[in-house]
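A.B. asks: One structure is given below, represented as structure tokens, and several questions about it will come after.
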Ligand code: DP6
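Residue numbers (UniProt numbering): 1 to 441.
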């Protein structure tokens with residue numbers, strides 16, 4: 001190591017990585033240490049301006065151990081998953097030289113150098129929105145930049161996978177497949193991009209963060225129990241998912257929303273059926289989640305009805321549109337609904353209904369109840385809480401009894417869209433660690 005003042009310098013890299021939502025779910029591992037799945041999966045990367053992790057990694061000869069701060073709080077780095085990611089990146093580290101600052105790190109020096117890591121999510125970690133996916137993808141991406149790792153993104157995805165399975169899909173924007181692979185060492189269990197975020201820009205994604213009192217079983221524990229006890233999971237991973245992966249890839253390539261929607265909700269339903277088939281059974285969805293599912297089917301019926309009215313040849317069109325879903329839903333290991341609409345027009349209809357049935361509680365302002373891309377609210381004519389109060393009962397609501405509302409069931413909504421993959425952020429002002437001390441700002 002050659003440097004002017006070896007104790008003084010701190011070298012940093014800061015990155016931002018998105019989270020993702022699986023439309024064909026990963027559930028079950030065939031290898032717990034390497035994190036190898038029992039089936040492949042497909043996800044949509046979510047716009048990082050609404051949901052992402054930002055991570056700064058720093059190295060300095062003055063650091064005496066590896067340390068990490070998550071959302072401002074120091075956490076223990078003893079977990080095997082962090083260690084796996086650090087080890088794999090260090091193994092691939094290359095020489096780094098910063099002539100201006102007189103820093104020169106040889107590839108063999110990395111083994112003896114410690115890192116500081118600070119990570120921050122722009123959404124509540126406790127909301128159950130796949131924060132580990134964004135977090136591990138960001139950690140691996142930032143470390144790879146810091147240590148001048150030359151590997152391709154697919155290779156990085158197999159490292160992020162060892163932090164958290166779903167993290168490997170967050171190394172890309174748009175639509176991503178995690179191929180399960182067959183090799184024992186996991187080298188072919190990697191993520192690949194199916195299409196980038198501009199491929200299907202019209203999609204609107206509405207996340208309903210549900211108020212939940214119960215502590216859910218973690219994905220890691222839940223899927224271990226499913227692997228041990230669910231025979232439905234065996235059938236799913238061997239027979240159903242391989243077929244669905246092909247169909248889903250095709251639906252995405254063709255931007256075929258009806259097929260995409262049917263596969264997405266069918267796969268979410270089957271994942272939750274596997275959870276019920278687990279002993280003891282796991283319940284991730286709650287009453288609010290079930291209400292959202294029902295509402296999705298109502299919106300589908302309304303859209304069907306509106307479209308039917310547009311056509312003269314009633315019978316033919318009826319046949320043509322029958323069974324054509326207009327919005328779809330998916331649920332991960334928790335009660336939050338992720339609803340997907342094919343375009344903004346349908347998203348307006350969906351949001352109006354959501355806010356009619358799940359209005360903001362009196363103490364909450366609209367700008368803290370609907371987050372993310374709020375232009376959809378404006379377009380739907382919902383500028384204030386008064387506009388929500390003035391919403392008329394949706395056409396499907398029964399006329400003989402006032403429709404029931406569920407105030408307080410939802411914490412908030414996030415409007416988002418397909419988004420881009422990890423990026424490096426330049427400039428010390430974006431960093432979460434102090435450039436002089438390497439400690440959190
Ligand atoms: C339901 O990636 O969180 O979100 O690999 O044990 O860290 P580990 O699990 P994790 O599981 C995610 C499961 C899921 C489905 C999915 O994202 O595919």
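Note that the Cβ used here is the ideal one computed from N, Cα and C, for glycine as well.
Since the model is a prediction, treat every value here as computed from it, not as a measurement.
1. So residue 134 is in the alpha helix (DSSP H); what residue range does that whole segment cover?
2. Using 10 angstroms around the beta-carbon of residue 421, count the other beta-carbons present and answer buried if the total reaches 16, otherwise exposed.
3. In the stretch 65-105, which residue ranges form an unbroken beta strand (DSSP E) of at least 3 residues, counting only runs that do not cross its ends?
4. Counting only the same chain and skipping the five closest in sequence on each side, list residues whose C-beta sits under 7 Å from that of residue 218.
5. Could you compute how far the alpha carbon of residue 171 sits from the alpha carbon of residue 156?
6. If contact is defined by three or more beta carbon pairs under 8 Å, each pair taking one atom from either stretch, is the stretch 370-377 in contact with the stretch 328-338?
7. Using a Cβ-based criterion (distance less than 7 Å to any ligand heavy atom), does residue 328 qualify as near ligand 1?
8. When the Cα atoms are used, what is the spatial distance from residue 378 to residue 198?
9. Under the three-state reduction of DSSP, which class applies to residue 431: helix, strand or coil?
10. Please classify residue 264: is it buried, with 16 or more other beta-carbons within 10 angstroms of its beta-carbon, or exposed?
11. For residue 211, which option in 408, 415, 279 and 434 has the closest C-alpha, if you only look at C-alpha atoms?
12. If distances are taken between C-alpha atoms only, which option among 47, 30 and 366 comes closest to residue 202?
13. Could you give the distance in angstroms between the alpha-carbon of residue 319 and the alpha-carbon of residue 57?
14. Taking all protein chains shown into account, do 16 or more other C-beta atoms lie within 10 angstroms of the C-beta of residue 406, making it buried, or fewer, making it exposed?
15. I need the straight-line Cα distance from residue 66 to residue 116, nearest angstrom please.
16. If you check the beta carbons only, do residue 119 and residue 104 fall under 8 Å apart?
17. Three Cβ pairs or more, each shorter than 8 Å: is that satisfied between the stretch 168-185 and the stretch 11-25?
18. Specify whether the stretch 382-391 and the stretch 268-288 touch according to this definition: at least 3 beta carbon pairs, one from each stretch, less than 8 Å apart.
19. I need the DSSP call for residue 52, collapsed to helix, strand or coil.
20. Taking 8 Å as the limit between beta carbons, can you name the residues of its chain near residue 440, skipping five residues before and five after?
21. Any heavy atom of ligand 1 inside 7 Å of the beta-carbon of residue 75?
22. Roughly how many angstroms lie between the CA atoms of residue 253 and residue 294, to the nearest whole one?
23. Where residue 135 and residue 54 are concerned, what is the direct C-alpha to C-alpha distance, given to the nearest angstrom?
24. Would you mind sorting residue 182 into buried or exposed? The rule is 16 or more other CB atoms within 10 Å of its CB.
25. Between residue 162 and the rest of its own chain, which residues show a CB-CB distance below 7 Å, the 5 nearest in sequence each way excluded?
26. Measure from the alpha carbon of residue 165 to the alpha carbon of each residue in 25, 51, 274 and 243, then state which is nearest.
27. What three-state label does DSSP hand residue 441 in the structure shown?
28. Mind checking whether residue 261 and residue 292 have CB atoms under 8 Å apart?
29. Under three-state DSSP, which class holds residue 425?
30. Ligand 1 heavy atoms versus the CB of residue 220: any closer than 7 Å?
31. Taking all protein chains shown into account, do 16 or more other C-beta atoms lie within 10 angstroms of the C-beta of residue 133, making it buried, or fewer, making it exposed?
32. Confirm the yes/no value for this check: CB of residue 190, any heavy atom of ligand 1, distance under 7 Å.
33. So residue 15 and residue 424 are supposed to be a Cβ contact under 8 Å. How far apart are they, rounded?
34. Rounding to the nearest angstrom, what Cα-Cα distance links residue 428 and residue 100 in this structure?
35. Where does residue 305 land, buried or exposed, given buried means 16+ other C-beta within 10 angstroms?
36. Just to confirm, is the Cβ distance from residue 131 to residue 121 under 8 Å?
C.D. replies: Reading it off the structure:
1. Note, residue 134: alpha helix (DSSP H), 131-146.
2. buried
3. 67-70, 73-75, 96-98 and 103-105
4. Residues of the same chain with a CB within less than 7 Å of the CB of residue 218, apart from the 5 flanking positions on each side, do not exist.
5. The straight-line gap from Cα to Cα measures roughly 8 Å.
6. no
7. no
8. Distance from the CA of residue 378 to the CA of residue 198, rounded to the nearest whole angstrom, comes to 23 Å.
9. coil
10. buried
11. 408
12. 47
13. With a pLDDT of 38 at residue 319, under the threshold of 50, the modelled position of that residue is not reliable, and no figure is offered here.
14. exposed
15. 6 Å
16. Cβ distance not < 8 Å, so residue 119 and residue 104 don't count as in contact.
17. yes
18. no
19. strand
20. 69, 72, 118, 432, 433 and 434
21. no
22. 28 Å
23. 8 Å
24. exposed
25. 34, 35, 81, 84, 85 and 88
26. 25
27. coil
28. no
29. In the three-state DSSP reduction, residue 425 falls in the strand class (E or B).
30. yes
31. buried
32. no
33. 5 Å
34. 16 Å
35. Its pLDDT being 46, under 50, residue 305 is placed unreliably in this model, and the value from its coordinates should be taken loosely. Looking at its Cβ environment, which holds fewer than 16 other Cβ atoms inside 10 Å, residue 305 is exposed.
36. yes
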